[in-house]
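First residue of the sequence shown? That's 0 in numbering that gives the first Met the number 0, and the numbers climb one at a time after it. Inspection log for the structure reproduced underneath, given as structure tokens.
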Amino acid sequence: MRRTEIKQIQQGEKADYEVKVNGWVRTFRNNQFIALNDGSTLSTLQVVVDRESLDESLIKRITTGACISATGKVVESQGRGQKYEVVASSVEILGDSDPEKYPLQPKRHSMEFLREIAHLRFRTNTFGAIFRIRHHISYAIHKFFNDRGFFYMHSPIITGSDAEGAGEMFRVTALDINNPPKTEDGAIDFSKDFFGKETNLTVSGQLEAELAALALSKVYTFGPTFRAENSNTSRHLAEFWMIEPEVAFNDLNDNMDLAEDMLKYVVKYIIDNCDEDLEFLQTRLENEEKNKPQKDRSPMPLKEKLAFCVENDFVRLTYTEAINILRNSKPNKKGKFQFPIEGFGADLQSEHERYLVEKHFKKPVILTDYPKDIKAFYMRMNDDGTTVRAMDILFPGIGEIIGGSQREERLEVLLGRMEEMDIPEEEMEWFLDTRRYGTCVHSGFGLGFERLVLFITGMTNIRDVIPFPRYPGSAEF
Ligand code: 4AD
Ligand code: MG
């Protein structure tokens, strides 16, 4: 007999048929009621076993964490909270689990503890919900772009270019670190390394995406990116996934429209397709926040927050306008910001971004036209000569979720910027070629995938929305 997934049984509209179900035991009450979960859905299936007909030695092996297979009849459930249950005629133990040693007891565990046993945390309700939703977000992103005629482009993970300037890079080498080849002047001789040059893990697929966009018009990347910055925060990972669309003929306004449409589409997709898991995560968040002072609690329940994001236009304003708001804000005047805002040129810290989004506008915000000095070399220069066509999208509870720009398509201006920022031209010939041969207006952005998962699931630490987080001091599993 083939196994039936628990989701199928729960969502079906019938009873009185034979099934085989496989899964992991969550609890076993009164030697009679098994709560079985197979991950296909949040809810467990109640499997009722007949104490009389089952071997006592077998009953002893039905323990929390064990993997079992049960065969029996689907019947309408008498109990609360579920429509159907299975009355088992036979139970087979597929994999035992010693209840004395199994780290996941049927009780509430802290997120910190679960992070230490990340190999088992998939088996909790919270992480089951998070990783099912993570999958659906990923699918919705691909669907959004595919339905609009974008092509998924695979940018390289090992790269010989480090011109992005997005962050510190992790070196990739096959040299013997105890005895590396040296040049005459004593430096490490990377010409003897695997690729014949210095290489690193990519911090962004953007520059390669630009090359593809200037031929295929509409492309996006979706891959892992790596940053060796020592940011030990609840918003940073050393390995995270990024989605980077790049579109020929789009200016910054088109770019903002695309980003806003994409975010709304994905959030709506999750509202429409993941209600059971969202409902669970909403209650989880409410319970977590019960012990916090009112001012630190989320202003809206999770599902309401998501609907609000879909239904309202994002606020769009320039960096300069934002600086004026911040300079005149109460926390700035009262010296409450750790980094006081004095005026144009200040780099916005997360406290400032969160003030704008959570206190001032109470909506997602798109900031544009940042000072060139705090942004990357490839952003298009405005006529004022001091600001560039950059955009950052700021979300409540998250801060920056997207960073992007219209790109500098004019060869002379780009070369000037590279010189100002000490970026060697020889290393960037391939990039500059797109400006030499058939250049055009184009724009793109990068969405931090885990930050979006964080927003949608209502979790508070980015380490809890990626299966195996990498951060300073930790690369377990
Ligand atoms: O703003 P960033 O650095 O932009 C770029 O890398 C551009 N090349 C994107 C582009 O225009 N194609 O990073 C983009 C987004 C951020 O807004 C943030 O959401 C996320 O990536 N991000 C991180 N997420 C988790 N951990 C980190 N250490 C992150 N650094 C950036
Ligand atoms: Mg950024």
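Even glycine gets a Cβ: it sits at the ideal position worked out from N, Cα and C.
Sheet register partners of residue i (DSSP bridge)
i           : result
residue 128 : Its beta-bridge partners do not exist; DSSP assigns none.
residue 218 : 150, 245
residue 240 : 223
residue 386 : 370
residue 405 : 442
residue 66  : 23, 94
residue 32  : 28, 47
residue 317 : 367
residue 158 : 199
residue 171 : 198
residue 398 : 394
residue 187 : 181
Identity of the residue in the options nearest residue i by Cα
i           : options            : result
residue 442 : 310, 211, 337      : 211
residue 303 : 334, 362, 130      : 362
residue 455 : 196, 128, 168      : 128
residue 446 : 36, 111, 122, 260  : 260
residue 58  : 83, 80, 96, 81     : 96
residue 393 : 131, 316, 457      : 316
residue 267 : 60, 98, 135        : 135
residue 414 : 376, 438, 383      : 376
residue 343 : 371, 355, 364, 350 : 371
residue 223 : 85, 155, 186, 18   : 155
residue 37  : 66, 385, 411, 438  : 66
residue 313 : 390, 117, 186      : 390
residue 29  : 351, 172, 51, 16   : 51
residue 77  : 86, 217, 432, 367  : 86
residue 338 : 350, 126, 252      : 350
residue 144 : 197, 218, 183, 208 : 218
residue 401 : 448, 381, 62       : 448
residue 12  : 215, 417, 73, 355  : 73
residue 83  : 53, 91, 34, 125    : 34
residue 241 : 213, 40, 444, 161  : 444
Exposure label - residue i; buried when at least 16 CB within 10 Å
i           : result
residue 170 : exposed
residue 249 : buried
residue 508 : Not covered by the structure: residue 508. The range shown for the chain is 0 to 476.
residue 159 : exposed
residue 424 : exposed
residue 201 : buried
residue 262 : buried
residue 190 : exposed
residue 404 : buried
residue 436 : exposed
residue 297 : buried
residue 452 : buried
residue 281 : buried
residue 45  : buried
residue 120 : buried
residue 476 : exposed
residue 479 : Past the boundaries of the shown model lies residue 479; the chain is included only from 0 to 476, so the question cannot be answered.
residue 47  : buried
residue 358 : exposed
residue 412 : exposed
residue 232 : exposed
residue 177 : exposed
residue 276 : buried
residue 182 : exposed
residue 472 : exposed
residue 3   : buried
Check: residue i C-beta below 7 Å from any heavy atom of ligand 2
i           : result
residue 384 : no
Distance cut-off 7 Å: residue i Cβ against heavy atoms of ligand 1
i           : result
residue 136 : no
residue 461 : yes
residue 420 : no
residue 205 : yes
residue 236 : yes
residue 472 : no
residue 444 : yes
residue 404 : yes
residue 230 : yes
residue 241 : yes
residue 163 : yes
residue 449 : yes
Residue i CB to nearest heavy atom of ligand 3 below 7 Å
i           : result
residue 226 : Only ligand 1 and ligand 2 can be found as ligands here, which leaves ligand 3 out of the picture.
Chain D within 8 Å of residue i, Cβ atoms only
i           : result
residue 119 : No chain D appears in the structure shown, which is made up of a single protein chain.
**Item:** Neighbouring residues (CB closer than 7 Å to any heavy atom of ligand 2)
**Value:** 391, 399, 402
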